[in-house]
Structure formats: C-alpha cells, structure tokens
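> First the structure, which I've put down as structure tokens, then a few questions once you've had a look.
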Amino acid sequence: MKVCGMRDRNNILDVSQLEPAYMGFIFYPPSPRYVGNDFKVPEDFPETTRRVGVFVNESNDVILEKVQACRLHFVQLHGNETVAQCRELKSHGLRIIKAFSVDENTDFHETDEYGDTVDYFLFDTKGKLYGGNAKTFDWTVLSKYDQEKPFFLSGGITPEHIEDIKRLDDFNLLAIDVNSGVEIHPGFKDVKKIKAIKAILNSK
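Everything in the sequence shown is counted per the numbering used here, starting at 136 for the first residue and increasing by one.
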C-alpha cells in the first residue's frame with residue numbers, strides 16, 4: 136500500500152506505524168495537499184517505508200533539490216513529463232513512478248515509450264485535477280494494458296473497494312495508492328480507514 140498526500144507531522148507518524156510500503160508527499164503548490172516550501176520528513180520516520188515525492192511538470196533542478204532535502208526514494212511524475220526528462224532524472228540514480236490519467240478512452244500505448252526509463256507506472260482516474268479527484272475508474276479497462284511493467288492503482292480508493300481490487304489477479308498490480316478516499320480533510324488521513332484497508336489486504 137502507498138498512502139499519498141501526507142503533510143501533517145503527527146499524522147505522518149501515526150500512519151507510518153501501520154507500515155505502509157510507500158508514503159507520498161506532494162510538492163505541487165496548487166494541490167490542496169501541498170506540503171509547503173519548507174517541508175521536512177520527520178526525523179523519526181521509519182526507513183522501512185519508501186518516501187515518494189510527487190511532482191507535476193516541475194523542473195529537474197527543483198525535483199533534485201527536494202529529493203536531497205527530504206531523502207526521497209522515489210519521484211512520482213504526475214504531469215506531462217517527457218521521456219527525456221525521466222531519462223535525465225534517472226541518470227541521477229532516481230527511481231521513477233510515471234502517472235497516467237485513465238478513463239474508458241485511454242490508449243495504453245502511451246506508456247510504451249516510458250517503459251525503459253521508469254520503474255513503475257501509476258494509473259489514476261482522469262479528472263479536472265492532476266490527482267486527488269476522489270473518483271475511481273472502471274478497472275476493467277486495465278485489461279488493455281500489456282501488464283509488462285508493475286503499476287500502482289490510484290483514484291478515490293476506500294476500504295469498500297479493497298475486496299474488488301483483490302480480485303484483479305490477472306493484472307501486474309504492485310500496490311494500491313490511497314489518498315482522498317481515506318481522508319478526514321485534505322492532507323490529513325483517517326488512520327482507522329487505513330488500518331481497515333490493511334486488514335482486508337492481509338486477509339485471505
């Protein structure tokens with residue numbers, strides 16, 4: 136599981152106690168979950184949870200600055216970033232997640248050119264915002280994806296969706312990405328909902 140859109144120190148530490156594999160911090164100023172310019176990951180944040188910085192059409196200089204300041208393990212590119220930009224970031228030793236907005240008309244061949252450059256894809260619901268639209272998409276469209284590269288599944292996921300997600304056996308699903316579907320308000324997560332998701336994921 137990846138818990139994204141975190142920014143409150145105490146909330147970050149409370150959620151980290153549930154040991155999500157990944158935690159995402161959004162460095163996109165227009166987002167209601169923007170961490171702010173002076174954000175620092177708490178010093179006692181567990182090393183077992185991978186830190187993911189989320190950026191939208193940002194310059195590589197800024198991305199590299201935040202990677203160093205927050206000791207990020209992954210960079211998630213959630214805008215219209217080119218293969219060339221991904222390749223440049225990769226040359227600095229970064230691991231990259233490239234996000235794509237999905238609806239029933241998505242052509243998954245758009246992912247092909249990124250295949251050799253990024254580590255994972257993320258499929259999110261297409262909407263007015265770059266992310267955090269609080270809506271799921273029809274997951275059956277993922278059957279059009281070639282499944283060659285593992286992906287994160289995002290888009291308004293709540294505890295009520297987990298049993299259905301567990302049935303997506305034929306897909307190369309690496310992790311679910313929860314954000315708006317487990318929030319009390321933007322940027323502040325409901326620990327009980329995340330705990331419920333973890334319990335369902337761990338059940339047979």
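Using N, Cα and C, we set each Cβ at its ideal position, and we do this for glycine too.
Between the Cα of Val326 and the Cα atoms of Thr293, Ser338, Asp259, which residue gives the shortest distance?
Numbered from 1 along the sequence shown, position 191 holds the residue referred to as residue 326. For Val326, the nearest C-alpha among the options comes from Thr293.
> Should Ala234 be labelled buried (16 or more other beta-carbon atoms within 10 Å of its own) or exposed?
Residue mapping note: residue 234 aligns to position 99 of the sequence shown, counting from 1. It counts as buried.
> Can the beta-carbon of Thr192 be found less than 7 angstroms from the beta-carbon of Asn215?
The count along the sequence shown starts at 1 and reaches residue 192 at position 57. The count along the sequence shown starts at 1 and reaches residue 215 at position 80. The sequence shown places Asn at residue 192, rather than the Thr named in the question. Yes. Within cutoff.
> Looking only at C-alpha atoms, which of Asp254, Arg185, Gly322 sits nearest to Val202?
For the purposes of this step, residue 202 is taken as the residue at position 67 of the sequence shown. Of Asp254, Arg185, Gly322, the residue nearest in Cα terms is Arg185.
> Please list, in chain order, all residues of the same chain as Leu288 whose beta carbon is under 7 angstroms from its beta carbon, the five residues on each side excluded.
By one-based count along the sequence shown, residue 288 stands at place 153. Hits under 7 angstroms: Phe258, Ile300, Leu308, Ile311, Asp312.
> To the nearest angstrom, report how far apart Glu283 and Val253 are at their CA atoms.
For this step, residue 283 is matched to residue 148 along the sequence shown. For this step, residue 253 is matched to residue 118 along the sequence shown. If I take the Cα positions, the gap works out to 12 angstroms.
> Tell me where the alpha helix (DSSP H) around Lys333 begins and ends.
Within the sequence shown, numbered from 1, the residue matching residue 333 stands at position 198. First-last of the alpha helix (DSSP H) with Lys333: 326-337.
> Give me the Cα-Cα distance between Val210 and Asn337, rounded to the nearest whole angstrom.
The count along the sequence shown starts at 1 and reaches residue 210 at position 75. The count along the sequence shown starts at 1 and reaches residue 337 at position 202. Their backbone Cα atoms lie some 27 angstroms apart in a straight line.
> Do you know offhand how far Gly316's Cα is from Arg222's?
Taking the sequence shown and counting its residues from 1, the one referred to as residue 316 is at position 181. Taking the sequence shown and counting its residues from 1, the one referred to as residue 222 is at position 87. Taking the straight line joining both Cα atoms gives about 32 angstroms.
> DSSP has Thr260 in a bridge; who is on the other side?
What you label residue 260 is simply residue 125 of the sequence shown in a count that begins at 1. Paired residue(s): Val237.
> When the Cα of Phe272 is compared with those of Val197, Gly159, Asn240, Glu200, which residue comes out closest?
What you label residue 272 is simply residue 137 of the sequence shown in a count that begins at 1. Checked all of Val197, Gly159, Asn240, Glu200; the closest Cα to Phe272 is Asn240.
> What residue does the alpha helix (DSSP H) around Asp196 start on, and which one ends it?
In the sequence shown, the residue the question calls residue 196 occupies position 61. 195-205 is the span of the alpha helix (DSSP H), which, as asked, contains Asp196.
> On the DSSP letters alone, give me the boundaries of the beta strand (DSSP E) that Asp149 sits inside.
Position 14 of the sequence shown, counted from the start, is the residue given in the question as residue 149. From DSSP, Asp149 is part of no beta strand (DSSP E) but of the alpha helix (DSSP H) over 144-151.
> How is the alpha helix (DSSP H) around Val218 delimited, first residue to last?
Residue 218 sits at position 83 when you count from the first residue of the sequence shown. Looking at the DSSP string, the run of the alpha helix (DSSP H) that includes Val218 is 218-225.
> Report the three-state DSSP secondary structure of His208 (helix, strand or coil).
For the purposes of this step, residue 208 is taken as the residue at position 73 of the sequence shown. In the structure shown, His208 sits in coil (DSSP, three-state: anything other than H, G, I, E or B).
> Looking only at DSSP bridge pairs, what is Gly188 linked to?
In the sequence shown, residue 188 corresponds to position 53, counting from 1. Beta-bridge pairing links Gly188 to Phe160, Val210.
> Candidates Met136, Leu277, Asp304: which alpha carbon is nearest Thr246's?
The count along the sequence shown starts at 1 and reaches residue 246 at position 111. It is Leu277 whose Cα lies nearest to the Cα of Thr246.
> Does the separation of the CB atoms of Leu207 and Gly228 fall below 7 angstroms?
On the sequence shown, position 72 is the one that residue 207 refers to. On the sequence shown, position 93 is the one that residue 228 refers to. Not in contact: Leu207 and Gly228 (Cβ atoms no closer than 7 angstroms).
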